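So the sequence lines, in the order shown, correspond to chains A and B.
Be aware that the first sequence starts at 12, since it is given in the numbering used here, and climbs by one per residue.
Be aware that the second sequence starts at 58, since it is given in the numbering used here, and climbs by one per residue.
All C-beta atoms in this analysis are idealised placements derived from N, C-alpha and C, irrespective of residue type, glycine included.
Since this is a predicted model, take the numbers as computed values, not measurements.
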Amino acid sequence: MSSITAPILEIAVLVLGMVILMIEAFAEKVDKRVLAFAAITGLAVVLVASFFVAPSQSTSPATGFWSFYTADRLAIFFKQFALVTTIFVLIMTIDYAPVMRSFFPGGPPQASLGEFVALPLFTCTGLMYLVSAIDFVFIFVALELVTVSFYVLVSFTRRNPMTLEAGTKYLILSALSTAFLVYGIAWIFGATGQTNLYRLTAALANTGSNSGAVLLGMVFVLVALGFKIAAVPFQIWVPDVYQGAPTPVTAYLSVGSKAAGFIVLLRVLQPFMNLPQTHRLVFVIALPTLIYGNLAALPQTNLKRLLAYSSIAHAGYLLIGVVCFDVRAISFYLVAYLLMTLLSFAVLIIVAQQTGEEISDFDGLAKRSPFLAFAMLIGMVSLAGVPFTAGFLGKFYIFYAAVLQRQIALVVVGVITVGCGFYYYLKVVRAMYWQSSSDVDAVPVNGLSRIAITALIIGTIWLGVYPQPILEALKR
Amino acid sequence: MVLFIIFCPIVAAVLIMLGAPARKTALAASVLTFAEALFLFASLDHGHADFQHVTSFSISPEWRLSFTTGVDGLSIIMVLLASIVTLAAVWFAGTIERHENAFYACLLLISGGAIGAFASIDLFFFYAFHELALIPTFLLIGIWGSGNRVAAAWKITIYLAIGSFILLLGLILLYQSFPLASRSFDIRVLQTAAGMGQISPDAQRNVYLLLLIGFGILISLFPFHTWAPEAYCAAPAPAAMLHAGVLKKFGLYGLLRLAIPILPEGARHWATLLVVLLLGNIIYVGLVTIAQKRLDWMLGYSSVMHMGYILLGLASFGVLGVTGAVVLMFAHGLSIALLFGIAGELRRRTGTLVFDELGGLARVMPFAGLAFGFGVFAAIGLPGFANFAGEIMIFFGAFRNGWEIGRFHIFQIATILSLWGVVLSTVYMLRAYRKTFMGSFREQWQKLPDLSPALRMPITLLVAALLCCGFFPQFFVRIVTPAFRTYLSANK
């Protein structure tokens with residue numbers, strides 16, 4: 012089995028995406044749901060194959076392909092992360108199909124569904140390249156692959172004015188952040204003559220280079236990545252885009268895009284970690300992200316918007332991890348975040364079809380469909396950080412790293428914002444369990460979604476009790 | 058053995074959620090838990106201070122984190138308390154109109170969380186089990202509460218969430234204060250390492266302060282106490298019984314378990330602060346209690362006030378005072394559960410707990426009057442009840458701390474002031490008893506039925522336990538003291 016090497020994984024996903032696009036285009040008779048199932052199966056095969064890829068560290072004197080592509084343990088782990096995310100997003104897409112159809116009234120019943128299945132595959136390829144990228148040029152290309160496919164996905168149901176607004180906002184601000192990224196890369200390249208991150212480390216170690224110019228470049232790159240991970244003050248787009256985009260895409264944005272952003276951030280900041288300014292800069296964006304995300308989430312009444320603010324808040328906790336530069340804490344947090352966020356979105360998609368996306372639409376859900384209510388309860392409780400769920404251990408490792416490095420300010424603010432978190436996450440629990448509703452119909456859940464939601468619940472609790480497998484996988 | 062007692066309520070809760078008959082399952086589980094706790098209590102070897110019945114599953118060797126459970130003299134008393142109060146609370150709950158299954162599942166989860174916390178030797182699970190009770194409490198108050206339930210539910214949840222995250226920081230700092238080789242989540246390892254002086258006095262002070270604030274919020278220590286009365290009067294009676302009787306003891310248990318063996322220097326350094334705060338509990342909250350016009354608010358405040366005595370025993374830092382604190386924890390848990398249980402029954406029958414609207418109820422409810430009287434006398438600390446045994450040990454222990462002939466230090470002054478607290482509690486307890494059960498009788502309560510025979514069982518159980526521990530405190534003292542003697546004698 013050692014014949015599988017890491018780059019084959021991306022190529023396989025890419026080919027899968029193209030094949031599905033071709034079938035979509037030429038075989039009009041095929042039921043489009045079959046395409047979704049084919050994509051899920053294909054990704055599952057790639058996921059299984061990825062466990063047989065041996066990690067290989069690429070070294071600084073490497074040339075050719077391996078000078079911009081690494082397949083270390085972290086990269087492989089996050090390739091699997093991207094694959095799992097995409098599988099769950101595709102499962103959500105199947106649930107979401109009736110909603111999408113309602114936005115294309117004139118066309119055939121399953122118009123464009125095929126594209127909606129193919130595009131996440133390209134995004135997934137982009138994410139997988141991104142986590143392996145160790146060269147600025149490659150980071151840029153992979154990031155664009157992700158972003159461009161998201162342009163289409165975000166504004167997919169374009170007849171809906173809110174979606175159109177979201178798409179436009181995402182397009183303009185994303186393009187702006189890309190410009191920042193390129194500009195920053197240019198400064199860094201101009202000052203050091205390197206784009207490879209390993210050689211950059213070596214170049215920065217030679218004090219001869221102009222550190223002011225490098226730092227300026229780094230700030231620009233940080234701004235661009237701050238946009239991707241939704242850090243304050245680059246978070247303006249998040250609530251509107253999250254609320255307007257089709258819900259599976261929102262889930263994808265909030266999990267896949269953020270995780271890749273953090274991995275790139277870790278890789279990019281690695282060479283700069285010796286500069287004291289870097290810590291201060293990350294600190295300066297971590298603190299307002301924590302405060303803004305949590306405070307702004309308090310008054311929300313729309314669950315999708317609430318999750319958007321919560322995603323900003325979680326970016327804040329993750330940034331504490333970046334300040335401490337604890338890769339394992341961040342990675343574990345991201346895994347926990349994947350499980351609980353996808354769980355919440357999966358339930359949201361199903362419930363929203365019957366009632367709506369407001370929190371008040373969840374009133375009395377415990378009575379109508381106890382299974383969905385329980386799933387949402389686990390998701391919310393984990394997001395809030397109650398023990399025996401993955402979310403708690405994520406916060407535990409982050410706070411552990413912060414206490415170890417005596418980041419008093421971040422820890423104090425972190426604890427207070429956790430208290431805020433309990434309020435707005437439990438608002439959803441309150442709606443489901445306290446409130447009674449006039450609607451008494453049970454919400455139907457199809458078999459595949461039921462399996463997916465059960466898997467996410469088990470994963471959330473399992474990692475909350477026994478985190479060792481993930482820690483083991485992240486060991487260097 | 059210990060695993061069974063932890064998971065018995067939790068498994069029962071899951072079964073109930075899956076559709077098992079709620080009340081029967083809950084009763085069966087709590088009877089089983091109680092029997093098991095009695096068995097453990099009887100079979101514990103008094104001779105040595107170590108944890109017994111230890112089982113361990115490794116979770117993360119790298120972090121030296123494992124799921125380790127076991128009991129020693131201190132924890133078995135807490136487990137026994139938890140099982141008695143659980144049984145009484147479940148019995149008191151009766152038929153619930155809405156969502157009966159969810160109600161019993163929440164109750165059992167709180168109980169399982171408390172027992173799990175008391176029986177965990179591993180710090181991580183010690184913490185996590187306590188948090189298990191957070192969401193059920195929120196739901197219990199929110200769904201089945203009365204009065205201003207919404208505000209009360211938010212208040213208790215957010216207060217306790219912040220308190221427990223501060224506590225978590227304290228525990229993390231404690232873990233990191235040890236040198237790499239002896240870092241562990243296992244309390245036993247930490248105690249041994251601390252005994253060898255591996256934790257610096259400076260670190261001890263910082264950790265102790267964090268733990269004091271974190272646990273203090275959970276205990277309702279003076280400036281952080283406002284959540285407690287509000288939550289207890291909004292909560293349904295069984296939830297108030299469990300929370301005030303058992304779960305609030307978690308913070309005290311944590312301080313006893315961690316502060317005394319591991320952080321003696323920290324405890325000594327912050328003793329003055331703790332004494333001032335606990336006098337706030339006894340004197341200030343005591344006066345506030347006297348001003349209450351409703352029975353449930355009065356009981357809520359009185360439970361906050363009594364925390365002051367237990368903390369005084371803890372702060373006295375001698376075998377006598379600390380043992381007294383443990384006995385009083387046990388006694389207070391039983392007496393407050395008794396009082397909340399009967400108050401809940403009164404509210405169910407009369408629909409009000411305002412003193413001015415009640416009166417003379419002993420005429421129609423003689424058994425309830427008698428039982429409430431027992432609870433009141435126990436809470437005041439009448440000799441013969443367990444509370445007296447605990448309080449007198451605390452007062453002697455605290456008075457002796459730092460005692461020199463002819464000089465009164467802070468502990469002597471604090472003891473004198475606390476003794477006045479007993480007078481305060483006599484005033485409000487007896488007044489409450491007079492206004493509720495004695496005094497002029499109102500015609501509208503003529504038809505009120507007395508407690509049903511089924512409810513007399515849990516009351517008898519609680520009163521019997523109170524009297525038993527009151528007349529024979531040596532059974533408890535003998536079990537508890539070995540756990541402390543090594544640390545406290547070494548520190549003297």
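(request) Starting from the beta carbon of F108 of chain B, find every residue of chain C whose beta carbon is closer than 9 Å, and list them in chain order. (result) Of the protein chains in the structure, A and B, none is chain C.
(message) Just verifying my parser: in three-state terms, what is the DSSP assignment at I116 of chain B?
(response) strand
(request) Locate the beta strand (DSSP E) running through F124 of chain B, then write down its first and last residues. (result) 122 to 128
(request) Tell me E461 of chain B's beta-bridge partners as DSSP assigns them. (result) B:R464
(message) Tell me the rounded alpha-carbon separation between I451 of chain B and H466 of chain B.
(response) 16 Å
(request) Measure from the alpha carbon of T214 of chain B to the alpha carbon of each residue in B:I67, B:L191, B:S203, then state which is nearest. (result) B:L191
(message) For the segment 438 to 465 of chain B, list every residue whose C-beta sits within 9 Å of some C-beta in chain A, in sequence order.
(response) none
(request) Quick one: which residues of the segment 458 to 479 of chain A get their C-beta closer than 9 Å to a C-beta of chain B? List them in chain order. (result) G475, V476, Y477, P478, Q479
(message) Can you look up R155 of chain B in the DSSP assignment and give me helix, strand or coil?
(response) coil
(request) Measure the CB-CB distance between K383 of chain B and I134 of chain B and report whether it falls below 8 Å. (result) In the sequence under discussion, the amino acid at residue 383 of chain B is Val, which differs from the Lys named in the question. Cβ atoms of V383 of chain B and I134 of chain B: closer than 8 Å.
(request) Examine chain A for any beta-carbon lying closer than 8 Å to the beta-carbon of A146 of chain B, and answer yes or no. (result) no
(request) Mind listing the chain A neighbours of Q233 of chain B? Cutoff is C-beta to C-beta under 9 Å, in chain order. (result) Y411, V414, L415
(message) Please classify K40 of chain A as buried or exposed, where buried requires at least 16 other C-beta atoms within 10 Å of its C-beta.
(response) exposed
(request) Assign D179 of chain B to one of three DSSP states: helix, strand, or coil. (result) strand
(request) Give the straight-line distance between the Cα atoms of Q364 of chain A and D243 of chain B, rounded to the nearest whole angstrom. (result) 49 Å
(message) Between which residues of its own chain and G311 of chain B is the CB-CB distance below 6 Å, once the five residues before and five after are set aside?
(response) F272
(message) Less than 8 Å between the beta carbons of A150 of chain B and Y161 of chain B, yes or no?
(response) yes
(request) Sort out for me which residues DSSP pairs N313 of chain A with in a bridge. (result) A:E369
(request) Give a yes or no on whether 8 Å exceeds the smallest Cβ distance from I427 of chain A to chain B. (result) yes
(request) For I116 of chain B, count neighbouring Cβ atoms within 10 angstroms of its own Cβ and tell me buried if that reaches 16, exposed if not. (result) buried
(request) Taking 8 Å as the threshold, find out whether the segment 417 to 428 of chain B comes into contact with the segment 498 to 508 of chain B through three or more Cβ pairs. (result) yes
(message) Just to confirm before moving on: does the CB-CB distance between S140 of chain B and A94 of chain B stay below 8 Å?
(response) yes
(request) Compare the C-alpha of S322 of chain A against each of A:L27, A:G367, A:M351, A:L359 and name the closest. (result) A:M351
(message) When you compare the segment 353 to 370 of chain B with the segment 388 to 402 of chain B, are there three or more beta-carbon pairs, one atom per stretch, that lie closer than 8 Å?
(response) yes
(request) Mind listing the chain B neighbours of A399 of chain A? Cutoff is C-beta to C-beta under 7 Å, in chain order. (result) The sequence given here places Phe at residue 399 of chain A; Ala does not occur at that position. Within 7 Å Cβ-Cβ: A185, L189.
(message) If we define contact as Cβ-Cβ less than 8 Å, is T214 of chain B a contact residue for chain A?
(response) yes
(request) Tell whether a beta-carbon distance below 8 Å holds between R339 of chain A and I145 of chain A. (result) no
(message) Could you check whether S342 of chain A and L485 of chain A sit closer than 8 Å to each other, using their CB atoms as the reference points?
(response) yes
(request) Going by CA-CA distance only, name the one from B:L196, B:L144, B:H110 that's closest to S177 of chain B. (result) B:H110
(request) Measure the beta-carbon distance from G454 of chain B to G370 of chain B and round it to whole angstroms, keeping in mind my assumption that it falls under 8 Å. (result) 6 Å
(request) List the endpoints of the continuous alpha helix (DSSP H) containing D353 of chain B. (result) 352 to 373
(message) Please classify M386 of chain B as buried or exposed, where buried requires at least 16 other C-beta atoms within 10 Å of its C-beta.
(response) buried
(request) Would you list the residues sitting across from A82 of chain A in a DSSP beta bridge? (result) A:S67
(message) Whole angstroms are fine: how far does the CA of A93 of chain A sit from the CA of L264 of chain A?
(response) 11 Å
(request) Under 9 Å between beta-carbons, which chain B residues line up against L482 of chain A? List them in chain order, please. (result) S117, E119, W120
(request) Would you tell me roughly how many angstroms separate the C-alpha atoms of W445 of chain A and W211 of chain B, rounded to the nearest one? (result) 13 Å
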